[in-house]
Amino acid sequence: MTEPPAGTRDFLAAAQPAACIFDFDGTLVDTSTINTDAARATLASLGLTVPEPWLRQAPLADLTALRDRLKADLDLTLPCTDEEFVSSARAQWLTRTGLLRPVARVTALARHLASVPIPMAVASANDGAVVRAGLTAAGLSGLFATIVAREHVTRLRPAPDAYLLATTKLATAPHHCLAFENTDDGITAAHTAGVPVIDVRNTTWTIHQPPTTTTTPTPTASY
């Protein structure tokens, strides 16, 4: 098994998080190829062809932003409802789970935390069926009792809703949790919820505390 980064166990022991929350895409697993391939196939099924560089920078999780960018950048209109797009993209994604690649040092840490044990959740802007299938494909499905996905909240990151709901489901105060993220929007979401964060993009992992002015808003959720 790949070991967590040097010193990670020591500072986790010092921090003593009561629960941990992991982002899915790019944090636990590398889904960059599978996400763009699924989006490309979905758009093609709708008669839309987009340039590869544009697709790699597109806001695929936020369909309102995706519609705006399609119109502004390419003068294209998405000819379906959000629900239809998500359903098609989900089907395309699920046929490509073989392209998924676990992020070794994060998944090693997750397995270590599960052995302690520390309660853990996944908080993702992706579709719940996709997250569950991805965790299964990566051999991680037994580690997470709680999964919060896009369909469980009204607002996606950088809004804090997913993290607030995850802390509620874990029955743990946000400041006693620890989040693992790989995007600026995800870090903002966790911090706005009052959750300390490790940015897994960094070679040396450091716990970043929320700004002292952060207040914890009420989550808007449909879980």
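With positions in the sequence shown counted from 1, the corresponding number in the numbering used here is that position plus 96.
No residue lacks a Cβ here, since even glycine has one placed at the ideal position from N, Cα and C.
Remember, it's a predicted structure, so these values are computed and weren't measured experimentally.
Around the Cβ of residue i, are there at least 16 other Cβ atoms within 10 angstroms (buried) or fewer (exposed)?
{"i": "residue 152", "result": "exposed"}
{"i": "residue 282", "result": "buried"}
{"i": "residue 230", "result": "buried"}
{"i": "residue 128", "result": "exposed"}
{"i": "residue 251", "result": "exposed"}
{"i": "residue 222", "result": "buried"}
{"i": "residue 194", "result": "exposed"}
Can you give the Cα-Cα distance for residue i and residue j, rounded to whole angstroms?
{"i": "residue 212", "j": "residue 204", "result": "13 Å"}
{"i": "residue 169", "j": "residue 136", "result": "16 Å"}
{"i": "residue 108", "j": "residue 249", "result": "29 Å"}
{"i": "residue 160", "j": "residue 296", "result": "28 Å"}
{"i": "residue 279", "j": "residue 143", "result": "31 Å"}
{"i": "residue 210", "j": "residue 234", "result": "15 Å"}
{"i": "residue 240", "j": "residue 138", "result": "29 Å"}
{"i": "residue 202", "j": "residue 179", "result": "32 Å"}
Ends of the alpha helix (DSSP H) at residue i?
{"i": "residue 130", "result": "128 to 141"}
{"i": "residue 247", "result": "It is not in any alpha helix (DSSP H) - residue 247 carries neither H nor E in the DSSP assignment."}
{"i": "residue 283", "result": "280 to 288"}
{"i": "residue 206", "result": "200 to 211"}
{"i": "residue 293", "result": "That residue, residue 293, is in no alpha helix (DSSP H); its beta strand (DSSP E) goes 293 to 295."}
Hey, quick one: how far does the beta strand (DSSP E) through residue i stretch, first residue to last?
{"i": "residue 181", "result": "Where residue 181 is concerned, there is no enclosing beta strand (DSSP E), although the alpha helix (DSSP H) it sits in stretches over 178 to 190."}
{"i": "residue 275", "result": "273 to 277"}
{"i": "residue 217", "result": "216 to 219"}
{"i": "residue 115", "result": "115 to 118"}
Taking the alpha carbon of residue i as the reference point, which residue from the options has its own alpha carbon closest?
{"i": "residue 123", "options": "184, 306, 191 and 218", "result": "218"}
{"i": "residue 245", "options": "115, 119 and 114", "result": "119"}
{"i": "residue 257", "options": "305, 286 and 180", "result": "286"}
{"i": "residue 307", "options": "196, 238, 299 and 284", "result": "284"}
{"i": "residue 125", "options": "147, 226, 173 and 273", "result": "226"}
Could you confirm whether any beta carbon from chain D is found closer than 8 Å to the beta carbon of residue i?
{"i": "residue 151", "result": "You won't find chain D in this structure, because it holds only one protein chain."}
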